[in-house]
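For reference, the structure is listed below as C-alpha cells.
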Amino acid sequence: MGKFTEDDLKKDLETKEYEYGFYTDIESETFPIGLDESIVRAISKKKEEPEWMTQWRLEAFKIWQSMTEPEWANVHYQKPDFQNISYYSAPSKKPKYDSIDQVDPELLDTFRRLGISLDEQKKLAGVAVDIVIDSVSVATTFKDTLAKKGIIFCPISEAIREYPDLVKQYLGSVVPQKDNYYAALNSAVFSDGSFCYIPKGVRCPMELSTYFRINQAGTGQFERTLVIADQDSYVSYLEGCTAPSRDENQLHAAVVELIALDGAEIKYSTVQNWFPGDKNGKGGVYNFVTKRGLCETRAKISWTQVETGSAVTWKYPSCILKGDDSIGEFYSIAVTNNYQQADTGTKMIHIGKNTRSTIISKGISAGHSQNSYRGLVKIHARAQNARNFSQCDSLLMGNLCGAHTFPYIEVENKTAKIEHEATTSKIGEDQIFYCNQRGIETEKAIALIVNGFSKEVLNKLPMEFAVEAQKLLEISLEGSVG
Amino acid sequence: MELKEKFISSFLAVDDYLNEGSLVHDIRSEAIKNFEATGFPTKKSEAWKYTSLKALLRDDLSIFPKQEATVEFRDVRKYFLHDLDTYKIVFVDGQYSAFLSTTTHEGMDVCLLSSALTKDKYKAVIENYFNQVAPQHGLNALNTAFAKEGAYIYIPKHKEVDKPIEILYFYTGAESALMLQPRNLIVVEENAQVQIIERHQSLSEHAVLTNAVTEIFVNQRAQVDYYKIQNDQAQASLIDSTYVKQERDSVCSVHTFSFGGQLTRNNLNFYQHGEHAMSIMKGITLIEGKQHVDHNTLVHHIAPNCESHQDYKGVYDDRSTGVFNGKIFVEKEAQKLNAFQQNNNILISDKATINSKPQLEIFADDVKCSHGCTIGQLDEDALFYMRARGINEKEARGLLMYAFANNVLESVKIPELKKRINRIIALKMGVKIGFDL
C-alpha cells in the first residue's frame, strides 16, 4: 500500500461528503434555502413529530415534485423560485423594536384609524411588551373555559403529538396531499397552524381567534389549519387580522380543512391584509391558499372573507356538501387597488340530497388592479332537490382596472334549482353628487357607497371584526378616486 | 395515419385543383400552416371543456365527396319555407345545386363563394372581407384551407332586400364519413337591410360532420337579421362558427334554434367596432336522446356606447347534455355600455346534464353589465292551476315550456318562420298548441 498523501486525504473527504449527501443542521434557527427531502425531514424533526407524520410529509413532497405550477388563474406574476426560499425559520424571540416610537409612523397611523388598542398595536408591530398585557391574562381565562367544555384549541404541531388519532383521521381528508400544487407543497413543509376540535353537542362559547391563540408565535408562511366540529356542535373561527402585516415572506401557501360532522356548524371568517406591494406594484405577498370544508348530514359550513391585501391572491374556499340536508355558504368581499390581482371565489359541490348553498361575492377594483370571481356550482346526479343561489357583483373605479367573472355551473340532476346573477357597475356620479351636496366629501362618500355595496357580506362578520373591516375597506381604497 | 396528417397531406392536391389566383392561394396556404400548428381542439382547451370531438373525428373522414349526388325537389320540399317567396342558395353534399336555387345579381349579389373567389369582378370585396374576422386556428383554419363552396351575399348601400334569403345545405349520405367545410361570406353595406335563414340538413341516416364558418360584415347603419335552424338527423353533427363584425349604428341579430343533431357546437362571435352598435343573440335549445348542444358566444365590445343582448333558453330531456359558455369582453375604451346575458335551463330527465359558464371580463368602468343563469323546473303551482281547469298534464307541461321559450320566439321577425318553429316546438313536446301566431 502506497503512502497516504495530503491529496489522497482531500479526495477522500470529497467523496465522503458526497456519500452522506446534503446535511442540515436542525439546531439552527433558520434553515438554508432550498427544498429537498432532508429539509422536509428536518422540519418534521424540529417539530418533534412522530414517524407517521414524517412519512406523510415525504409522500406529499414526492407528489409535489411530480406536479407543475398551475397557470389557469387569471393572474400574472413572477413565479417564485422554490429553491430560493428558506422553509423553516424559528420565530425570533427578540422584539424588533424597543419602544413604539421606533415603529414606522405610517403603520401606527393605520393602527390608530383601525381603532386598535395601544397594547395590541405594540404587539402587532413587534414592539417589546410588558408582562402585564391584558390579552395574556384574557388568554389564560379563555383557555380554562375552553378546557372545561372539552374543546381542544392548540397549535397543530402540539396536536400531532397530543392527539395523533384525531389528526391521523382527518388531516388530508378534505384537502389530500395531491389536491393541487400548493396544497402538496404545504403538506410537505407546513411549519405550524391551528388545530381545533369541538366535542359532540358542544357550543363553543366564544369566537375562536388567532388573536388570542395561546401559542402566538409566528405562524410561518405555510400554515395548516384543521377544524373538526363533532356532531351537533358549533364553532365560530376567526382568522387573520385587520392590521396590515408587514410580512417579509413572499409566498404564502396555507391549507385550511374544516370537517363538520352530522348536525355541526362551522363559521369561518377571514380578514386578510397582507402587504399588497407598493403603489407601483413592487413587492407584496403571493397568497395561494387552499380552503375546503366537508359537510356531513345536516351540517353547515359558512365561509366569510374580506380580502384586501396581497399582491396576488388565489383562493377558493369551498364546501363539499356530502351529507343530506347540509348547507354551504360563501360571503366574500375582495378589494384590489394599485397593481393587486385577485382570483377568488368558491366551489359548492352538491352530493347529498336537499343540499343548499348560497354564494354572495362582492368585488371592488380600483387603480390598475384585476379582480376575478371564479366559482363552481356542481350538482351531482344523486343530489335531489339541491338549491343554489349565487350573486356576484363587481364595482369598478377608474378605467385602468378590470373585473372578471368566471362562474361554472354543472348540473346533472333535474330537480336542482340554480340561480346565478352577476352585475358590474361603477359608483354613480349622481350618488357622489348627492353626498357632496349634503356636505360629505368625495372620499367619504365613496367609503359610504362601498360600505353599502358590501353590507350583505359585512353583516355576516362577527361584530368586532365587522367594525374593523369596514374601516379597512375605507383605507384600502384611499386615493383610488379623484 | 392520423386525421390531422391526412388532411394536411391532401391539401396540396386540393390547392392545385382549385387554382384560384395568388390571393386566395396565399390565404389557404397560411391557413393549413395554422391548422398544422393548432390542430383539432381537445377537452384540455378551456373553450372545449364540455364538448369532445373525439368520437366524431374518426380517421376515415374525407373532405370531398367522390361522386356527385342529386336530390329531387319533392324530397327536400319540406325543408324550404315553401309558403314564402325567398332567394335560395342550395348545396347538395357541398356542391351547388343550380336547379334548386334561386339566386340573383340584380342590384345585389346572392350567389356562390366559389365564383366570388375566382372572378375578377369580386376581387376588391374578397380582398377586403374574406377571412378578415374569423380567427385562424384549429377548425377555422381547416375550413379556410379547404372551403371551396358556400354562399356569397353582397348587399350594396341603401338596399333593402325585398325577401328573405335561404341558405340550405343538404347531405344525401350517398357517401358516409364526410367532413364538409362550407363557408359563407356576407357583406352588408351602409344602410342596407337583409334577412337570412341558414339550415343544414342531412337526408339520410349516415353520419356527417359539418364544419361551417360564416363571416358577416355589418357596415354603418346596416341591419342584419340571421336565423339558424338546426333540426337535423340524429347522426349529423355540426360545428357552426359565425363571426360578425359590426360598424357604427348597425344592428345584427342572430337566432339559433337547436332542435336536433348528434352534436351541435355553435361558436357565435360579435365584434363591435363602431359606436352605438347593437348585437342580439338569442337561442332555443330543445333536445332529447343523447344529443349534445354547445353554445359558445362572445361579444367583444371595442367601441363605446354599444349594446348587446343575449338570451338563451334550453330544455333538456333523456340523456342530452347542454352547454352554454357565454363571454362578454369589454375593452377599456368601450365606455357607456349596456351588456346583458341571460341563460335559462330546464332539465326534464334525471340523466340530462347542463353546464353553464357565463363569463364577464370587464376593463371599462362606466358600464352596465349583467348576466343571469338559472336552472330549474316548471312551476308546480302553474301546472296545478292548469290541471284544475281540465288541461291534461302533458298539454300543461307543453304549454309551460312553450311559454318558457316564447320570449325568444317572439323576436323572430319573419312570420312564416315563426309559425314553422312553433310547429317544430309543438311537435317536440307532443302537444297541440292551439293558438295561431
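From first to last, the protein sequence lines are chains A and R.
Sequential numbering from 982 applies to the first sequence in the working numbering.
Sequential numbering from 42 applies to the second sequence in the working numbering.
Where is the CB? At the ideal position from N, CA and C, for every residue including glycine.
For TYR1389/A, the closest Cβ of chain R is nearer than 9 Å. From the listed residues THR83/R, LEU64/R, VAL55/R and PHE114/R, the smallest Cα separation to SER103/R is found for VAL55/R. Only those residues of the stretch 397-418 of chain R whose C-beta falls short of 9 Å from the nearest C-beta of chain A are listed: SER397, LYS398, PRO399, GLN400, LEU401, GLU402, ILE403, PHE404, ALA405, ASP406, ASP407, VAL408, LYS409, CYS410, SER411, HIS412, GLY413, CYS414, THR415, ILE416, GLY417 and GLN418.
A Cβ-Cβ contact shorter than 9 Å links THR185/R with GLN177/R. Residues of the same chain with a CB within less than 6 Å of the CB of PHE1387/A, apart from the 5 flanking positions on each side, are ARG1355 in chain order. Beta-bridge partners assigned by DSSP to LYS323/R: HIS296/R and ASP352/R. Here PHE187/R carries a helix assignment [DSSP, helix/strand/coil]. With respect to the 9 Å criterion, SER282/R and ALA248/R are not classified as neighbours on the basis of their beta carbons. Residue range 1410-1418 is occupied by the alpha helix (DSSP H) that includes PHE1414/A. Approximately 15 Å separates the beta-carbon atoms of ASP1306/A and THR1339/A; this is outside 8 Å, ruling out the contact.
Counting along the chain, GLU1393/A sits inside no alpha helix (DSSP H), nor does DSSP assign it H or E at all. Residues of the stretch 1395-1422 of chain A with a C-beta less than 8 Å from any C-beta of chain R: LYS1395, THR1396, ALA1397, LYS1398, ILE1399, GLU1400, HIS1401, GLU1402, ALA1403, THR1404, THR1405, SER1406 and LYS1407, listed in chain order.
Below the 8 Å Cβ cutoff, chain A contributes LYS1395 as neighbours of SER390/R, in chain order. Your pair GLN376/R and ASP407/R checks out as a contact, with CB atoms roughly 5 Å apart and the cut at 8 Å. When DSSP reads this structure, ILE257/R sits in a beta bridge with ILE227/R and VAL285/R. Following the DSSP letters along the chain, one finds PRO1013/A in no beta strand (DSSP E), marked with neither H nor E. Within the stretch 149-209 of chain R, complete alpha helix (DSSP H) segments of at least 4 residues are found at 154-159, 164-170 and 179-187, given in chain order. The straight-line gap separating the alpha-carbon atoms of THR1035/A and LYS1060/A is approximately 28 Å. Considering only GLU1050/A, TRP1037/A, LYS1359/A and LYS1043/A, the residue with the shortest C-alpha distance to LEU1152/A is TRP1037/A.
Excluding residues up to 5 positions away in sequence, TYR128 and LYS129 lie with their Cβ nearer than 6 Å to the Cβ of THR143/R in the same chain. DSSP places ARG118/R in no beta strand (DSSP E); its state is neither H nor E.
Think of a sphere of 7 Å around the beta carbon of THR1386/A: the chain R residues whose beta carbon falls inside it are GLN400 and LEU401, in chain order.
Going by C-alpha positions, PHE300/R is about 22 Å away from GLY135/R.
Within the model, the alpha-carbon separation for GLU230/R versus GLN261/R is close to 7 Å. Under the DSSP assignment, ASP266/R falls in the beta strand (DSSP E) whose first and last residues are 264-271.
For ASN448/R, the number of other beta carbons within 10 angstroms of its own is below 16, and it is reported as exposed. By the C-beta criterion, the stretch 1207-1217 of chain A is judged to be in contact with the stretch 1241-1259 of chain A, since at least 3 inter-stretch pairs fall below 8 Å. Between LEU304/R and VAL285/R, the C-beta spacing is not below 9 Å. In this structure, the CA atom of ILE1132/A is about 11 Å from the CA atom of MET1187/A. In the structure shown, LEU1454/A falls within a helical segment according to DSSP collapsed to helix, strand and coil. Using a Cβ-Cβ cut-off of 9 Å, TRP1053/A counts as an interface residue toward chain R, since at least one Cβ of chain R sits closer than that to its own. Annotated three-state conformation of TRP1284/A is strand, per DSSP. With contacts defined by Cβ atoms closer than 9 Å, ILE1179/A and SER397/R do not form a contacting pair. The beta carbons of GLN1321/A and GLN1286/A sit no closer together than 9 Å. Close CB contacts of LYS409/R within its chain, under the 6 Å cut and outside five residues either way in sequence, are with ASN379 (chain order).
Contact between THR1049/A and ASN1161/A is ruled out by a C-beta separation of about 11 Å, above the 8 Å threshold.
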